[in-house]
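> In this note's numbering, the protein residues as written are 576 to 690.
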Amino acid sequence: MKAQDVRAMTLDQIDDEVLKLKKEQFNLRFQRATGQLENTSRVRVIRRDVARLKTIAAQKRAGAPEPVVKISAAPKAEAKPKVAKPKAEKPKTKKPQSAKSRKAGAKKTAATKSK
Numbered sequence: 576m577k578a579q580d581v582r583a584m585t586l587d588q589i590d591d592e593v594l595k596l597k598k599e600q601f602n603l604r605f606q607r608a609t610g611q612l613e614n615t616s617r618v619r620v621i622r623r624d625v626a627r628l629k630t631i632a633a634q635k636r637a638g639a640p641e642p643v644v645k646i647s648a649a650p651k652a653e654a655k656p657k658v659a660k661p662k663a664e665k666p667k668t669k670k671p672q673s674a675k676s677r678k679a680g681a682k683k684t685a686a687t688k689s690k
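(1) Kindly give me the distance between the Cβ atoms of leucine 596 and valine 625, rounded to whole angstroms, as I take these residues to be in contact under 8 Å.
(2) Going by other Cβ atoms of all chains shown within 10 Å of its Cβ, with 16 needed for buried, is alanine 639 buried or exposed?
(3) Express the C-alpha separation of valine 643 and glutamine 634 in angstroms, rounding to a whole number.
(4) Less than 7 Å separating the beta-carbons of isoleucine 621 and glutamine 606?
(5) By the three-class DSSP mapping on this structure, what secondary structure does alanine 626 have?
(6) Along the chain, where does the alpha helix (DSSP H) that runs through alanine 608 open and close?
(7) Quick check: isoleucine 589 and alanine 632, are their CB atoms within less than 7 Å of each other?
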């Protein structure tokens, strides 16, 4: 729910919407507790919507003027597309082996040769 939509509502409509969302939040808590909740992000969305509704309702009750939405007059310049630079190829080198891995490798090859 967008703040612009909420600002168009009356205080009674906002209170009804908060009540509806609180009931949905209650049901979601039960679903989470029983392991039936599929869309876990819905809990977060509901919580934030309730907070948004309560904030705007408090602003309306206090008689605060509605905030002005800033719209930039000048269009933004288009960003230049990034061109990928070709990477220099690195020569492939073998990693130096530790003494342990050399011994283990020697044992494996000796075992396979003797079979």
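Glycine included, C-beta positions come from ideal geometry on N, C-alpha and C.
So, from the data block:
(1) Here residue 596 refers to the residue found at position 21 of the sequence shown. Here residue 625 refers to the residue found at position 50 of the sequence shown. A Cβ-Cβ separation of about 5 Å places leucine 596 in contact with valine 625 under the 8 Å criterion.
(2) The residue you call residue 639 lines up with position 64 of the sequence shown. Here alanine 639 is exposed. Its C-beta has fewer than 16 other C-beta atoms within 10 Å.
(3) For this step, residue 634 is matched to residue 59 along the sequence shown. For this step, residue 643 is matched to residue 68 along the sequence shown. Between glutamine 634 and valine 643, the C-alpha separation is close to 14 Å.
(4) By one-based count along the sequence shown, residue 621 stands at place 46. By one-based count along the sequence shown, residue 606 stands at place 31. No, they are not a contact pair.
(5) Within the sequence shown, residue 626 is the residue found at index 51, counting from 1. It is helical.
(6) Your numbering for residue 608 matches position 33 in the sequence shown. Run containing alanine 608: 586 to 609, per the alpha helix (DSSP H) assignment.
(7) The sequence position of residue 589 within the sequence shown is 14, counting from 1. The sequence position of residue 632 within the sequence shown is 57, counting from 1. Contact: yes.
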